[in-house]
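Residue numbers (the numbering used here): 6 to 193.
Using N, Cα and C, we set each Cβ at its ideal position, and we do this for glycine too.
Quick notes on the structure that follows.
Have a look at this one:
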């Protein structure tokens, strides 16, 4: 039987608003980020999607988003494996200073992309061990880690807006990409 995973990017933060690089460092949700998370929660309720289990990264922006999506009514597990990529010496710097090499970020102090994906896969293994077939699972994480994982399954999503999410089906050890959604794209 299939498990359904809804992997959501957190709401807008102060660093997002000010175009600062934010990976392992953290900043709180803006008023817009709070509204985005509530809009995502409203979307799930309107679609009658009820979650049986919930997980997020250990970063506050993810846990705050999860709590807003679930209206503070659901216990959840925080996993370091779902944390955003560590941008090394570029943490907190203006986004325009990032050392792009084609479509990849390339600097010795940054966490390697393959390590980021490995962490995500390890976190998902734990989720699979702790959940049952037929369950709906909410995971709140971060744009780059979600994008890197999604690319493994041929999803070509150019940008993860705040509180957008991917849907994956998990059956017999295999993930299948089942959609990309932006329930908060028009929130102001």
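Using only alpha-carbon positions, find the residue among 182, 135, 177, 57 that is nearest to residue 152. 182
Which residue wins for smallest C-alpha separation from residue 191, given the options 30, 48, 114? 48
Would you mind working out which of 91, 85, 95, 56 sits nearest residue 79, comparing C-alpha positions? 56
To the nearest angstrom, how far is it from the Cα of residue 3 to the Cα of residue 113? Only positions 6 to 193 of the chain appear in this structure, which leaves residue 3 out of reach.
Among residues of its own chain, excluding the 5 on either side of residue 76, which ones have a beta-carbon nearer than 8 Å to its beta-carbon? 46
Beta carbon of residue 138, beta carbon of residue 89: below 8 Å? no
Cβ separation of residue 61 and residue 146, assumed to be a contact under 8 Å, to the nearest whole Å: 7 Å
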